[in-house]
Amino acid sequence: MNITPSAALSNRQVIRAALVVLLGFVASGILGVIRTAVFSATFGTSSQLDAFYAAQRIPEML
Numbered sequence: 030m031n032i033t034p035s036a037a038l039s040n041r042q043v044i045r046a047a048l049v050v051l052l053g054f055v056a057s058g059i060l061g062v063i064r065t066a067v068f069s070a071t072f073g074t075s076s077q078l079d080a081f082y083a084a085q086r087i088p089e090m091l
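Counting from 30, one number per residue, gives the positions in the sequence shown under my numbering.
Below is the structure:
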């Protein structure tokens, strides 16, 4: 099987796109952990934090 130059370029583009998506998932996970740490440090285990999480459920599902 010979790969033409355009097919090789297409493979590189697919790999690059996959890496961009992967980096987005990793960044999202890291930012989620940071967000949780900040909220926990700010609110602790208070009813305010429970109210915040209850209010955030619907917007996060959308």
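We treat Cβ as the ideally placed atom computed from N, Cα and C, and that holds for glycine.
What you are looking at is a predicted structure, and each value in this text was computed from that prediction instead of being measured.
When DSSP states are grouped into helix, strand and coil, G61 belongs to the helix group.
Boundaries cannot be given for S75, as no alpha helix (DSSP H) includes it and DSSP labels it neither H nor E. Between L60 and S69, the CB-CB gap reaches or exceeds 9 Å.
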